[in-house]
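In UniProt numbering, the protein residues as written are 1 to 452. Positions of the beta carbon are idealized from the N, C-alpha and C atoms, including for glycine.
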């Protein structure tokens with residue numbers, strides 16, 4: 001039996017396949033970025049629209065065949081083929097919406113999708129009712145199923161790949177749609193080539209069947225195109241909305257990051273200011289301001305708790321001679337080395353080393369008794385002497401030395417800060433007048449007074 005084709009319907013079927021493929025890629029993108037009810041909404045709507053497009057392509061391709069006998073279509077079987085097209089689309093969209101997609105998942109999805117598309121076609125062929133008999137070439141039937149699976153696999157891979165490339169995405173989507181649409185058409189017309197119609201005198205029931213006119217074919221094509229374009233417009237506007245939300249989110253993240261950076265910069269600036277306000281810029285130990293605040297606080301705490309409080313006043317011997325002989329840079333370096341030695345020897349966290357002024361240092365020792373404070377003062381004095389910093393202008397010796405004044409007391413509540421400072425300073429003055437490079441405590445002064 002001679003078969004002819006209406007080529008304008010062949011072209012229309014190819015165009016429908018390409019549009020359906022393009023819609024499929026757009027639906028896959030929306031499903032991937034959707035969650036919850038939106039995910040299921042896009043999956044359902046996408047499967048129906050995509051399935052309708054593929055189904056229409058096959059039936060338009062079947063309508064393109066012209067037989068010399070009357071052909072009608074069994075409506076329930078036609079609807080069953082439409083259901084298979086929707087199932088195939090749902091499988092495809094479900095597979096490509098996964099966060100990760102490997103070769104096994106693509107292979108399984110391709111087999112299921114190809115089998116559903118092939119099943120849709122052959123169920124659709126079974127919906128044909130005519131007096132002619134048809135026979136299948138099993139080799140071509142198998143080839144059509146292989147083509148369906150191969151192009152399904154390719155479509156899944158392209159759809160998943162599109163999610164990774166944002167720069168050339170639209171061109172890839174269009175190219176992928178042309179490739180996928182051509183593959184669907186190739187499967188269909190391979191399957192059509194597998195069937196041979198022969199004249200017969202078969203009698204079939206007209207119940208539940210319908211004949212499709214040219215007007216009906218046009219209606220199917222236009223309806224499908226309208227559905228697909230409506231779905232594409234919905235996907236397009238949803239993509240725009242999502243992109244705007246994503247841009248707003250990115251701007252918010254950038255603003256939050258900038259705020260965090262500003263906060264960190266502010267903290268760093270505050271830390272720097274705090275450091276500048278309590279530390280001496282030359283030596284790195286605490287400055288006079290911090291010394292005054294800390295001594296007042298420790299004096300009050302010791303008075304409340306009836307605890308010892310010791311104060312060391314330390315002066316570099318003959319420092320003016322060092323500056324005169326070796327220069328101010330050498331003097332600055334000397335002060336830095338002395339401060340470093342103090343901080344390395346004084347390890348209790350509550351003890352405070354400060355630069356009191358010029359070449360004079362002060363050390364606050366909360367809770368330290370007179371004996372322990374005196375031993376510490378002596379260790380500091382000897383450590384400075386062992387640094388062997390040259391001072392040729394010193395009247396004590398060839399190296400830099402220090403004199404230490406010490407006062408230890410349990411202060412009274414309300415006792416002024418000046419008293420302990422004056423006492424330690426007096427002890428320092430006595431150490432200076434007695435030859436320098438020594439430690440003098442107010443306890444020793446008291447003992448000598450009592451002996452007299």
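Contact check for residue 51 against residue 14 fails: the beta carbons are separated by 8 angstroms or more. By the C-beta density criterion, residue 260 is exposed, having fewer than 16 other C-beta atoms within 10 angstroms.
An exposed status is given to residue 392, since fewer than 16 other beta-carbon atoms sit within 10 Å of its beta-carbon. In the displayed model, residue 4 falls within a strand according to three-state DSSP. Between residue 377 and the set 6, 313, 253, 105, the nearest pair of CA atoms involves 313. Rounded to whole angstroms, the Cβ separation of residue 381 and residue 396 is 12 angstroms, and the two are not in contact under 8 angstroms. Rounded to the nearest angstrom, the Cβ distance from residue 121 to residue 188 is 6 angstroms, consistent with a contact under 8 angstroms.
Judged by beta-carbon spacing, residue 153 lies within the 8 angstroms limit of residue 110, meaning their Cβ atoms are closer than that value. Counting only residues of its own chain and dropping the five nearest sequence neighbours on each side, residue 9 has a CB closer than 8 angstroms to the CB of 60, 61, 63, 64, 217. Per the coordinates, the alpha-carbon of residue 196 lies some 8 angstroms from the alpha-carbon of residue 137. Residue pairing by DSSP puts residue 309 in a beta bridge opposite 366, 409.
The beta carbons of residue 437 and residue 385 sit about 7 angstroms from each other, so the pair counts as a contact at 8 angstroms.
In this structure, residue 428 and residue 332 do not form a Cβ contact; the two beta carbons are roughly 22 angstroms apart against a cut-off of 8 angstroms. Following the DSSP letters along the chain, one finds residue 399 in no beta strand (DSSP E), marked with neither H nor E. Residue 116 is a Cβ neighbour of residue 87, given a cutoff of 8 angstroms. Short of 8 angstroms from the beta carbon of residue 157, and not among the five residues preceding or following it, lie these beta carbons of its own chain, in chain order: 106.
When rounded, the separation of the alpha-carbon atoms in residue 280 and residue 254 is 39 angstroms. Within the DSSP bridge table, the entry for residue 184 names no partner. Judged by their CB atoms, residue 93 and residue 27 are nearer to each other than the 8 angstroms cut-off.
In this structure, DSSP gives residue 72 an extended state, which the three-state scheme calls strand.
Cβ contact annotation for residue 80 (same chain, cutoff 6 angstroms, sequence separation greater than five): 123, in chain order.
DSSP lists 363 as the bridge partner or partners of residue 353. The distance from the Cβ of residue 53 to that of residue 16 is about 6 angstroms, consistent with a contact at the 8 angstroms cut-off. A distance below 7 angstroms between beta-carbons, with the five flanking residues on each side excluded, links residue 91 to the following residues of its chain, in chain order: 109, 112, 113, 116. Between residue 140 and residue 36, the alpha-carbon positions lie close to 43 angstroms from each other. Here residue 317 carries a coil assignment [DSSP, helix/strand/coil]. In the structure shown, residue 434 falls within a coil segment according to DSSP collapsed to helix, strand and coil. CA-CA distance, residue 400 to residue 389, rounds to 5 angstroms. In the three-state scheme derived from DSSP, where H, G and I count as helix and E and B as strand, residue 285 is classed as coil.
Residue 171 counts as exposed, since fewer than 16 other C-beta atoms from the protein chains shown sit within 10 angstroms of its C-beta. For residue 344, no beta strand (DSSP E) segment is defined; the enclosing uninterrupted segment is the alpha helix (DSSP H) at 328 to 345. Rounded to whole angstroms, the gap between the alpha carbons of residue 412 and residue 288 is 24 angstroms. If you look at residue 441, you'll find it in the beta strand (DSSP E) that goes 439 to 441.
As the crow flies, the alpha-carbon of residue 43 is around 6 angstroms from that of residue 31. Between residue 67 and residue 3, the CB-CB gap stays under 8 angstroms. Nearest to residue 11 by C-alpha distance, out of 57, 150, 69, 365, is 57.
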